[in-house]
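Enquirer:
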Amino acid sequence: HRMLKELRRRVRAIRPDIYLLGEIWHDASPWLEGDEYDAVMNYPLQQAVNDFFADSARTAGELAEQLYRCLHLYRRQTTEVLFNLMDSHDTDRLFTRSGSEDAFFQQLALLFT
Numbered sequence: 001h002r003m004l005k006e007l008r009r010r011v012r013a014i015r016p017d018i019y020l021l022g023e024i025w026h027d028a029s030p031w032l033e034g035d036e037y038d039a040v041m042n043y044p045l046q047q048a049v050n051d052f053f054a055d056s057a058r059t060a061g062e063l064a065e066q067l068y069r070c071l072h073l074y075r076r077q078t079t080e081v082l083f084n085l086m087d088s089h090d091t092d093r094l095f096t097r098s099g100s101e102d103a104f105f106q107q108l109a110l111l112f113t
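Position 102 of the sequence shown, counting from 1, maps to 102 under the UniProt record's numbering, and the rest follow consecutively.
Structure below.
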């Protein structure tokens with residue numbers, strides 16, 4: 001954490017309005033205390049949506065519970081600026097993973113809801 005804190009301090013000295021985004025695949029709370037990253041990529045949201053669409057045995061209630069956890073994982077001001085995504089260069093592409101055009105568009109609709 002020391003390196004990121006120093007990076008933030010130096011970068012903010014040059015450009016105070018810079019937005020520092022981290023890529024952490026799990027609970028990133030330790031990096032979101034106001035002295036490292038401003039936000040992170042929202043992989044927990046991506047995982048929740050992917051799990052629901054990949055497993056037909058999952059219920060809408062289970063999805064709602066996971067989404068609720070995602071919504072309350074971080075402080076509100078952080079949640080509002082997370083980088084929400086359904087795929088990236090590190091994951092299978094959404095269209096490939098979806099299995100159908102309908103599932104693809106349903107996941108995008110969920111992301112933008």
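Just so it is clear, CB atoms sit at the ideal spot from N, CA and C, and this is done for glycine as well.
Contact between the segment 24-40 and the segment 57-64 is defined here as three or more beta-carbon pairs at a separation below 8 Å; is this criterion met?
Expert: No, they do not touch.
Enquirer: For D35, which residues in the same chain have their Cβ closer than 6 Å to its Cβ, ignoring the five residues on either side in sequence?
Expert: So the qualifying residues of the chain are K5.
Enquirer: What does DSSP give as the partner residues of G22 in its beta bridges?
Expert: Note: G22 sits in a beta bridge opposite V40.
Enquirer: Would you mind giving the Cβ-Cβ distance between L73 and D27, rounded to the nearest angstrom? I have them listed as a contact below 8 Å.
Expert: About 6 Å separates the two Cβ atoms, so the contact holds.
Enquirer: Look at the Cβ atom of L108, then the Cβ atom of C70, and state whether they are nearer than 7 Å.
Expert: Their beta carbons are not under 7 Å apart, which means L108 does not touch C70 by this criterion.
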